[in-house]
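*Asks:*
Residue numbers (my numbering): 24 to 260.
1) Report yes or no: do three or more beta-carbon pairs, one from the stretch 188 to 196 and one from the stretch 150 to 163, lie closer than 8 Å?
2) Using the Cβ count rule (16 or more neighbours within 10 Å means buried), how would you classify residue 35?
3) Specify, as a first and last residue, the run of the beta strand (DSSP E) that residue 69 falls within.
4) Is residue 248 close to chain B? Criterion is C-beta to C-beta, closer than 8 Å.
5) Cβ of residue 137 within 8 Å of Cβ of residue 41?
6) Nearest CA to the CA of residue 212: which residue from 199, 227, 198 and 204?
7) Roughly how many angstroms separate the alpha carbons of residue 239 and residue 43, rounded to a whole number?
8) Report the three-state DSSP secondary structure of residue 196 (helix, strand or coil).
9) When you compare only the Cα positions, how much space is there between residue 89 and residue 45?
10) Classify residue 182 as helix, strand or coil using the three-state DSSP reduction.
11) Considering residue 234, what are the terminal residues of the beta strand (DSSP E) in which it resides?
12) Using 10 angstroms around the beta-carbon of residue 141, count the other beta-carbons present and answer buried if the total reaches 16, otherwise exposed.
13) Would you kindly report the start and end of the unbroken alpha helix (DSSP H) that includes residue 94?
14) Where does the unbroken alpha helix (DSSP H) through residue 259 begin, and where does it stop?
15) With which residues is residue 125 paired in a DSSP beta bridge?
16) Identify, in the order they occur along the chain, each residue of the same chain with its Cβ nearer than 6 Å to the Cβ of residue 102, setting aside the five sequence neighbours on each side.
17) If I measure Cβ to Cβ from residue 128 and keep anything under 6 Å in the same chain, skipping five residues before and after, which residues do I get?
18) Please check the pair residue 153 and residue 223, which I expect to be a contact at CB under 8 Å, by giving their CB distance rounded to whole angstroms.
19) With distances taken from CA atoms, which of 235, 229, 150 and 82 is nearest residue 182?
20) If you count every other CB in all the chains shown that lies within 10 Å of the CB of residue 156, and 16 or more means buried, which is it?
21) What's the C-alpha gap between residue 146 and residue 207?
22) Can you tell me whether residue 27 is helix, strand or coil according to DSSP?
23) How far does the beta strand (DSSP E) with residue 206 in it reach, from first residue to last?
24) Using only alpha-carbon positions, find the residue among 233, 231, 232 and 254 that is nearest to residue 242.
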């Protein structure tokens, strides 16, 4: 890793990163994601990955359909564990030692989340996948990613998405949407920009943790952003 690169990062990958138009879990998408993370891991960075579960279950959407919201959110937490295990398998097939930790305890499949043990794995250059969200309903996996990044002393929270960064509107819908290279936390909050949910942004702001939102589906982007190349949207002070 170059001297200018980040040394410890948390990467947030949404459930959409695991899927395609035809498949809830798409093996080709997962393989590409794993190769990108391996390239980042090979830089020597201390790496933790948090995953969403929206490709399988979105708690808030199930709630709108009449499912008890608390139950729906717990289903969403379990969905993140499924994605974590999928990603673990893909990374291990590439020769990386991977540990899955979850705040939802499933003893035979994943380890319970333990901050000190997680840091130990990271310092040993073993990849860690964090699942289960916060373990409480009504909180998003974005908020969980922000909290874990703060807890683990990450230098930056990297949010990997399907677009190039933060826009004034959804670029998939509005071709005139404006792209932002750099934003302050307050600009994101006051402008109601769809970077991360407000709780996650506020948590990062209070702890002076920068966020970079970038496109997961462009080759070598995780590696590039870890080496501090100017891609995506930087959110900070």
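All residues carry an ideal CB built from backbone N, CA and C; glycine is no exception.
*Replies:* Taking the coordinates as given:
1) no
2) Along the chain shown, read from residue 1 onward, the residue named residue 35 stands at position 12. Result: buried.
3) In the chain shown, the residue the question calls residue 69 occupies position 46. From DSSP, the beta strand (DSSP E) with residue 69 extends over 69 to 74.
4) Absence of chain B from the displayed structure is noted, only one protein chain being present.
5) Sequence index remark: in the chain shown, residue 137 carries index 114 (1-based). Sequence index remark: in the chain shown, residue 41 carries index 18 (1-based). No. Outside cutoff.
6) As a working mapping, residue 212 is identified with position 189 in the chain shown. Closest option to residue 212, Cα to Cα, is 227.
7) Here residue 239 refers to the residue found at position 216 of the chain shown. Here residue 43 refers to the residue found at position 20 of the chain shown. Taking the straight line from one Cα to the other gives about 14 Å.
8) Your numbering for residue 196 matches position 173 in the chain shown. Correct three-state label for residue 196: coil.
9) One-based indexing of the chain shown puts residue 89 at position 66. One-based indexing of the chain shown puts residue 45 at position 22. So the alpha carbons of these two residues sit roughly 26 Å apart.
10) Position 159 of the chain shown, counted from the start, is the residue given in the question as residue 182. Note: residue 182 maps to strand in three-state DSSP.
11) Residue numbering aside, residue 234 sits at position 211 when the chain shown is read from its first letter. Per DSSP, residue 234 belongs to the beta strand (DSSP E) from 234 to 238.
12) The residue given as residue 141 occupies position 118 in the chain shown. Buried, by the Cβ-count rule.
13) The residue you call residue 94 lines up with position 71 of the chain shown. Run containing residue 94: 92 to 115, per the alpha helix (DSSP H) assignment.
14) The residue labelled residue 259 in the question sits at position 236 within the chain shown. Not the alpha helix (DSSP H): residue 259 falls in the beta strand (DSSP E), residues 256 to 259.
15) What you label residue 125 is simply residue 102 of the chain shown in a count that begins at 1. The partner list for residue 125 (beta bridge, DSSP) reads 135 and 154.
16) As a position in the chain shown, residue 102 is number 79, starting the count at 1. For residue 102, where only same-chain residues beyond five positions count, the Cβ hits under 6 Å are 76, 79 and 80.
17) Locating residue 128 in the chain shown gives position 105, counting from the first residue. Closer than 6 Å at Cβ, skipping near neighbours: 135.
18) On the chain shown, position 130 is the one that residue 153 refers to. On the chain shown, position 200 is the one that residue 223 refers to. With a Cβ gap of about 14 Å, residue 153 and residue 223 do not count as contacting.
19) Numbered from 1 along the chain shown, position 159 holds the residue referred to as residue 182. Nearest of 235, 229, 150 and 82 to residue 182, Cα basis: 235.
20) As a working mapping, residue 156 is identified with position 133 in the chain shown. Residue 156 should be labelled buried.
21) Residue mapping note: residue 146 aligns to position 123 of the chain shown, counting from 1. Residue mapping note: residue 207 aligns to position 184 of the chain shown, counting from 1. If you take the alpha carbons of residue 146 and residue 207, they lie about 31 Å apart.
22) In the chain shown, the residue the question calls residue 27 occupies position 4. Three-state result, residue 27: coil.
23) Residue 206 sits at position 183 when you count from the first residue of the chain shown. First-last of the beta strand (DSSP E) with residue 206: 205 to 207.
24) Residue 242 sits at position 219 when you count from the first residue of the chain shown. The shortest Cα separation from residue 242 among 233, 231, 232 and 254 belongs to 254.
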